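Trainee: Numbering (numbering that gives the first Met the number 0), first residue to last: 0 to 405.
Let me give you the structure first, and then I'll get to my questions.
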Amino acid sequence: MGRQYIAVIAVVAVATIVSGQQNVAPCFQEDANTKQSGRLGVEEFGMNLFREVASNTDKSIIISAYSIWSAFLLAYFGSGGRTQQQLERVLGVEGKTSTFQRFKRLQFLIENPFPEDGAVVSTMNKAYFDQRVPLKKCISQLIHNTEHINFRNFGNAAEIINQATSEATRGKITNLVEPRSLIGATFVLLNAIYFQGKWETPFKTREIVPTDFKDSRGNVIGQVDMMYSQRQSKISQAPALGAEILELPYANSSISMFLILPDGVDVNNVLRRLTPENFQKSLEKHFDVQSLVGVPKFKLETTLNNDLKQAMNLLGVTDLFSGQANLTSFSNVPLRADSVVHKAVVEVSEEGTVAAAATAIIGTRSGGRRKNMVFDKPFIFLIHDKQIGVSLFTGIFRHPDDVTTV
Ligand SMILES: *[C@@H]1O[C@H](CO)[C@@H](O)[C@H](O)[C@H]1NC(C)=O
Ligand SMILES: *[C@@H]1O[C@H](CO)[C@@H](O)[C@H](O)[C@H]1NC(C)=O
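Quick look at the structure:
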């Protein structure tokens, strides 16, 4: 009874994000002639992106490529021409109509992990457009979570977006967008994801021991709170990755955490070999053994801005962020993406895992290029009557000490 109730709520939730199939076809008339395989290359995209951003830093990072993929998928639904082709290639999708239907199904499956509802997964997709951007009718039919807000009041717009993100991530991501990042913005495409799972076999607090943490050459570089446990474990040899993999399942869920430990090679070496094929292949040959498991208890947070935009550029999404952007399925007003922000957090403890992430693609009017004008150096000012062409006052501001605050 309880499960049925949850399932019904989930169906309703999905239905409010996206409307029925009958509305989809007329919406995407322009792609009636394109191939409609409905392929969803989310895993391929995710690992490509993860390799890209993780190999560009020597810091620890956490991302939700699924969240990033979803936000760019919203852009894809609004795109046309070459912008659409680039997004299709990078996101691994083909044909808006079938992609839309499969995305909807994928979301439902992700939010209802088989076989039981032991783990919590919830996602949110939302599109915010400025009041002055008239939308194509089909887009608001399609993405029901489309909202018109006043971006000119950028402080308020940031509050609305951050509030929605905070709710969707149960308070784990609170300040996704800075008010100043919305100056001149005309739209924001938003995705958020929240995950909570309890280990099938929890760790015991009394078995947490401070333990040396070493670099790949074996030099001690710090200490972690290691959660130890003697247990029956699923372990895979993964020669394709140069690593061994431990699976830690979440209770009553099809979701597990897979921890990949390099086997005699540097972790960057494993990272370079991390593809969906190599990962899947590695899981095929797992065995159950009694083992001593030691996993650090930790919390990790990551924020990506420009690095993510650069990575998306390198993967092949270039037009979307340029004057060449074609977002004509959203609106006839010329639009382009300007920046992207991604925040993610993960907490791994004795009981299980809590993780959350959010992605915002911030867009602006194309042509009317965004330009910051901050008077933080000496400047001149005129009080000028345009009609009669006379300057009533002229001034120069050279130094803060010259003036008093009003
Ligand atoms: C955008 O793409 C559509 C096809 O999807 C095309 O008809 C239209 O001319 C393109 N617009 C611009 C401004 O490139
Ligand atoms: C998993 O399901 C079993 C049987 O329904 C239940 O007894 C157990 O408490 C559940 N575990 C968690 C962590 O939800």
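Idealized CB from N, CA, C, for every residue including glycine.
Computed from a prediction, not measured in an experiment: that's the story for all the values here.
Check this for me: beta carbons of L108 and L188, under 8 Å apart or not?
Mentor: Here residue 108 refers to the residue found at position 109 when the sequence shown is read from its first residue. Here residue 188 refers to the residue found at position 189 when the sequence shown is read from its first residue. Their beta carbons are not under 8 Å apart, which means L108 does not touch L188 by this criterion.
Trainee: On the DSSP letters alone, give me the boundaries of the alpha helix (DSSP H) that D306 sits inside.
Mentor: Translated into the one-based positions of the sequence shown, residue 306 becomes position 307. D306 -> alpha helix (DSSP H) spans N305 to L314.
Trainee: Counting C-beta neighbours from all protein chains within 10 Å, is the total for I395 16 or more, i.e. buried, or is it exposed?
Mentor: As a first step, residue 395 must be located in the sequence shown, where it is residue number 396. Looking at its Cβ environment, which holds fewer than 16 other Cβ atoms inside 10 Å, I395 is exposed.
Trainee: Excluding five sequence neighbours on each side, which residues of the same chain lie with their C-beta closer than 6 Å to the C-beta of R364?
Mentor: One-based indexing of the sequence shown puts residue 364 at position 365. The residues are T185.
Trainee: Note the first and the last residue of the continuous alpha helix (DSSP H) segment covering T98.
Mentor: As a working note, residue 98 is residue 99 in the sequence shown. Where T98 is concerned, the enclosing alpha helix (DSSP H) stretches over K95 to E110.
Trainee: Let me know if E166 comes out buried or exposed under the rule of 16 or more other beta-carbons within 10 Å of its beta-carbon.
Mentor: Taking the sequence shown and counting its residues from 1, the one referred to as residue 166 is at position 167. By the beta-carbon neighbour count (other beta carbons within 10 angstroms, threshold 16), E166 is exposed.
Trainee: How would you write the range of the alpha helix (DSSP H) that R271 sits in, first residue to last?
Mentor: Counting from one through the sequence shown, the residue named residue 271 turns up at place 272. Here the alpha helix (DSSP H) through R271 covers V266 to R272.
Trainee: Got a sec? Which residues, its chain only, sit under 6 Å from N22 by beta carbon, not counting five neighbours each side?
Mentor: Residue mapping note: residue 22 aligns to position 23 of the sequence shown, counting from 1. Any reading at N22 needs caution, since the residue's pLDDT is 47, under 50, leaving its predicted position unreliable; the model's value is listed next. The residues are Q140.
Trainee: Which residues in the same chain have their Cβ closer than 6 Å to the Cβ of M256, if we skip the five residues on either side of it in sequence?
Mentor: As a position in the sequence shown, residue 256 is number 257, starting the count at 1. Contacts found: L247.
Trainee: Check whether the Cβ of T327 lies closer than 7 Å to any heavy atom of ligand 1, and answer yes or no.
Mentor: Within the sequence shown, residue 327 is the residue found at index 328, counting from 1. Taking 7 Å as the cut-off, the C-beta of T327 counts as close to a heavy atom of ligand 1.
Trainee: Within 10 angstroms of its Cβ, does G154 collect 16 or more other Cβ (buried), or is it exposed?
Mentor: The residue labelled residue 154 in the question sits at position 155 within the sequence shown. By the 10 Å Cβ count, G154 comes out exposed.
Trainee: Please state the DSSP three-state secondary structure of K233.
Mentor: The count along the sequence shown starts at 1 and reaches residue 233 at position 234. Three-state DSSP puts K233 in a strand.
Trainee: What three-state label does DSSP hand E349 in the structure shown?
Mentor: What you label residue 349 is simply residue 350 of the sequence shown in a count that begins at 1. In this structure, E349 counts as coil in the three-state DSSP scheme.
Trainee: So, at 6 Å on beta carbons, what are the nonlocal neighbours of F320 in its own chain, with the 5 sequence-adjacent residues on each side left out?
Mentor: Indexing the sequence shown from 1 puts residue 320 at position 321. Correct list, in chain order: A336.
Trainee: Taking buried to mean at least 16 other C-beta atoms within 10 Å of its own C-beta, is H398 buried or exposed?
Mentor: Residue mapping note: residue 398 aligns to position 399 of the sequence shown, counting from 1. Exposed, since its Cβ has fewer than 16 Cβ neighbours within 10 Å.
Trainee: Quick one: grab the DSSP three-state call for I254.
Mentor: As a working mapping, residue 254 is identified with position 255 in the sequence shown. In this structure, I254 counts as coil in the three-state DSSP scheme.
Trainee: Enumerate in chain order the residues of its own chain whose CB-to-CB distance from V219 is below 6 Å, with the five nearest sequence positions on each side excluded.
Mentor: Position 220 of the sequence shown, counting from 1, holds the residue named residue 219. Excluding sequence neighbours, V219 sits near D211 and K213.
Trainee: On a CA-only basis, which of L175, R104 and V294 is nearest V340? Give me that one, please.
Mentor: As a first step, residue 340 is located in the sequence shown; it is residue number 341 there, counting from the start. Checked all of L175, R104 and V294; the closest Cα to V340 is L175.
Trainee: Measure how close the beta-carbons of Q406 and I148 come, nearest whole angstrom, since I'm counting them as under 8 Å.
Mentor: Given a span of 0 to 405 for the chain in the structure shown, any question on residue 406 remains unanswerable.
Trainee: Indicate whether the contact test is met: 3 or more Cβ pairs, each with one atom in the stretch 89-99 and one in the stretch 37-52, closer than 8 Å.
Mentor: yes
Trainee: If you count every other CB in all the chains shown that lies within 10 Å of the CB of T168, and 16 or more means buried, which is it?
Mentor: Position 169 of the sequence shown, counted from the first residue, corresponds to residue 168. Label assigned to T168: buried.
Trainee: On a CA-only basis, which of E51, K171 and T96 is nearest E137? Give me that one, please.
Mentor: By 1-based counting over the sequence shown, the position of residue 137 is 138. Checking the sequence shown, residue 137 turns out to be Cys, not Glu. When only C-alpha atoms are compared, the closest one is T96.
Trainee: What first and last residue would you give for the beta strand (DSSP E) that runs through N190?
Mentor: On the sequence shown, residue 190 is found 191 positions in, with the first residue counted as 1. Element bounds for N190: A184 to K197.
Trainee: Does DSSP put D262 in a helix, in a strand, or in coil?
Mentor: Here residue 262 is taken as the residue at index 263 of the sequence shown, counted from 1. Of the three classes helix, strand and coil, the one that applies to D262 here is coil, per DSSP.
Trainee: Just list the residues that DSSP pairs Y65 with in beta bridges.
Mentor: The residue given as residue 65 occupies position 66 in the sequence shown. Looking at the DSSP assignment, Y65 forms no beta bridge with any residue, so it has no partner.
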